[in-house]
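S.K.: Going by our numbering, the residue at position 9 of the sequence shown is 7; the numbering climbs one at a time, nothing skipped.
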Amino acid sequence: MQKGRNWVDYKEIKSTITMEMVLKHYGVFEALQKVEGKNALGCCPIHKGTDPHQFSVCLTRNIWRCFGSCNTGGNVLDFIRMIEGGISIRDAALLLKRLFLEPVESPPIQEGTQTETKNDRQEPVTTEEKMAPPKEEVNPPLPFTLKSLHMDHPFFAENGISQETATYFGMGFCKKGLLKDRIVIPIHDHQGRLVAYCGRSINDEQAELEGKYKMPKGFVRSALVFNLHRLKIDEAPLLVVEDFISALKAHQGGFQKVVALMGSNIGKGQEEAILAHAGSAGRLILLFGASEYSQKCADECLDLFSGRLFVKKIDIAPFAETPCQLTSEQFRSLI
Ligand SMILES: [Zn+2]
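(1) Might you give, ordered along the chain, the residues of its own chain that have their beta carbon closer than 7 Å to the beta carbon of ALA258, omitting 5 neighbours on each side?
(2) So does the stretch 278 to 295 actually touch the stretch 184 to 198, counting three or more Cβ pairs closer than 8 Å?
(3) Looking at the secondary structure, which residues open and close the alpha helix (DSSP H) in which GLN52 lies?
(4) Taking just the CA atoms, how far does GLY168 sit from PRO401?
(5) Compute the Euclidean distance between the alpha carbons of PHE217 and PRO139, then round it to the nearest angstrom.
(6) Taking 9 Å as the threshold (C-beta atoms), are LEU57 and ALA38 in contact?
(7) Per DSSP, which one or two residues make a beta bridge with ILE312?
(8) Decide if THR320 is buried, meaning its Cβ has at least 16 other Cβ atoms within 10 Å, or exposed.
(9) What ranges does the alpha helix (DSSP H) occupy inside the stretch 217 to 305, keeping only unbroken runs of at least 4 residues that lie completely in it?
(10) For LEU177, which residues of its own chain have a beta-carbon under 7 Å away from its beta-carbon, when the five flanking residues on both sides are left out?
(11) Going by DSSP, what residue range makes up the alpha helix (DSSP H) through LYS173?
(12) Applying the 10 Å Cβ sphere with the 16-neighbour rule, what's the burial state of TRP5?
(13) What does DSSP give as the partner residue(s) for ILE185 in the beta ladder?
(14) In the DSSP assignment, what are the bridge partners of CYS64?
(15) Looking at the structure shown, is ASN117 part of a helix, part of a strand, or coil, going by DSSP?
(16) What does the Cβ neighbour count give for LYS335, buried or exposed, with the cut at 16 atoms within 10 Å?
(17) Looking at C-alpha atoms only, which residue of TYR291, LYS46, VAL74 is the closest neighbour of PHE65?
(18) Is ILE264 closer than 9 Å to SER292 when the C-beta atoms are compared?
(19) How is the alpha helix (DSSP H) around GLN204 delimited, first residue to last?
(20) Per the DSSP calculation, ALA38 is bridged to which residue(s)?
(21) Across which residues does DSSP place HIS23 in a beta bridge pair?
(22) Tell me which residues share the same chain as SER67 and place their Cβ nearer than 6 Å to its Cβ, disregarding the 5 neighbours each side in the sequence.
(23) Thinking C-alpha only, which one of ALA164, LEU147, ARG96 is nearest PHE154?
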């Protein structure tokens, strides 16, 4: 029987995909402390905790538990469900299937749009590839755009974001729907197609009560870096930050070749995209927050890219807690 692309074998997933594979995919495995080769312990990558004893994984039984604010645990499916922002078990299973059980595919090349710099793959698409049925896409393009986002919200001034910058990134305050009362940030894939809207909280109180970011169900953060589609490949170094606002502030400070991981861990898709876009000079600048968790991610990136690129990690601690607090002048003097 031909099994469709939406067919899920939960047993197969649980028996073939290990917690180690999943943690490595999210770039958080190395940072965990290994105990006798069968357990791993560290900060929780789901709620981005800072207590190194809160998150525990049994690598032989492929189960995990967070004793911190998640206060939950489970198997690989539960882990994916949680780290991807509360998606369904079925969506988690489909994602795991795509990530680990299906052959790796090159991104689709649209006819007539490929250029020498944007695609490594130069050979023509073969008949076999043309005949292949379309695979379910990670982060497919959105079938709609949000209209009437409001630019006059005090969030922008309070966070030192100019109207020009907000307009450039297509942001605005949303007054209705799922992202009501949040600042909306459009997210594009690496080909420049709109794939999601993120809802950023407007203040600490809202962040505390309802979460700092609202991401759409099924959105795979680890496959994309924010703002990459707007960048040119040139000699300039690529600046990597964690969050949206830091990317906006860097852009505003004159550093336009900036991407954000949209979190404090780096996924395989993000790693590959950064490598491909670091420019022919291959230079990377890491500007992460001063917290232990952010620094751990910065060090992971340093390990990951050193040897393949020239990597410079900037110490932000003397200036601010996170890059989003920096002024344009500070950005220019730091980088
Ligand atoms: Zn947790």
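We treat Cβ as the ideally placed atom computed from N, Cα and C, and that holds for glycine.
This one's a predicted model, so the numbers in the text were calculated from it and none came from an experiment.
M.R.: Quick answer:
(1) Stepping through the sequence shown from its first residue, residue 258 is reached at position 260. Same-chain partners within the cutoff: VAL223, PHE224, ASN225, VAL239, GLU240, ASP241, PHE242, SER244, ALA245.
(2) Touching, no.
(3) Against the sequence shown, residue 52 aligns to sequence position 54. It is not in any alpha helix (DSSP H) - GLN52 carries neither H nor E in the DSSP assignment.
(4) As displayed, the chain neither begins before -1 nor continues past 333, which places residue 401 out of reach and without an answer.
(5) As a working note, residue 217 is residue 219 in the sequence shown. As a working note, residue 139 is residue 141 in the sequence shown. Rounded to the nearest angstrom, the two C-alpha atoms are 11 Å apart.
(6) Translated into the one-based positions of the sequence shown, residue 38 becomes position 40. Translated into the one-based positions of the sequence shown, residue 57 becomes position 59. Contact flag set, yes.
(7) The residue you call residue 312 lines up with position 314 of the sequence shown. Answer is LEU285, bridged to ILE312.
(8) Taking the sequence shown and counting its residues from 1, the one referred to as residue 320 is at position 322. Around the C-beta of THR320, 16 or more other C-beta atoms lie within 10 Å, and the residue is accordingly described as buried.
(9) As far as the stretch 217 to 305 is concerned, its whole alpha helix (DSSP H) runs of at least 4 residues are 242 to 250, 266 to 275, 290 to 303.
(10) For the purposes of this step, residue 177 is taken as the residue at position 179 of the sequence shown. Result list for LEU177: TYR195, GLY197, LYS212, in chain order.
(11) Here the question's residue 173 lines up with position 175 in the sequence shown. Membership of LYS173 in any alpha helix (DSSP H) is not indicated, and neither H nor E is assigned to it by DSSP.
(12) Numbered from 1 along the sequence shown, position 7 holds the residue referred to as residue 5. Burial call: exposed.
(13) The sequence position of residue 185 within the sequence shown is 187, counting from 1. Paired residues: ALA194.
(14) Here residue 64 refers to the residue found at position 66 of the sequence shown. In DSSP, CYS64 forms a bridge with PHE53, THR70.
(15) For the purposes of this step, residue 117 is taken as the residue at position 119 of the sequence shown. Low local confidence applies: a pLDDT of 41 at ASN117 is under 50, so the model's placement there is unreliable, with the coordinate-based value given in what follows. Under the three-state reduction of DSSP, ASN117 is assigned to coil, being neither helix nor strand.
(16) Residue 335 lies beyond the stretch modelled for the chain, which goes from -1 to 333, so this question has no answer here.
(17) In the sequence shown, residue 65 corresponds to position 67, counting from 1. The candidate whose alpha carbon is nearest that of PHE65 is LYS46.
(18) Counting from 1 along the sequence shown, the entry for residue 292 is found at position 294. Counting from 1 along the sequence shown, the entry for residue 264 is found at position 266. Between SER292 and ILE264, the CB-CB gap reaches or exceeds 9 Å.
(19) In the sequence shown, counting from the first residue as 1, residue 204 sits at position 206. For GLN204, the enclosing alpha helix (DSSP H) covers residues 202 to 208.
(20) Here residue 38 is taken as the residue at index 40 of the sequence shown, counted from 1. Bridge partners of ALA38: LYS32, VAL55.
(21) Along the sequence shown, one-based indexing puts residue 23 at 25. Answer is none; HIS23 lacks a bridge partner.
(22) Locating residue 67 in the sequence shown gives position 69, counting from the first residue. Closer than 6 Å at Cβ, skipping near neighbours: HIS45.
(23) As a position in the sequence shown, residue 154 is number 156, starting the count at 1. Nearest C-alpha to PHE154: ALA164.
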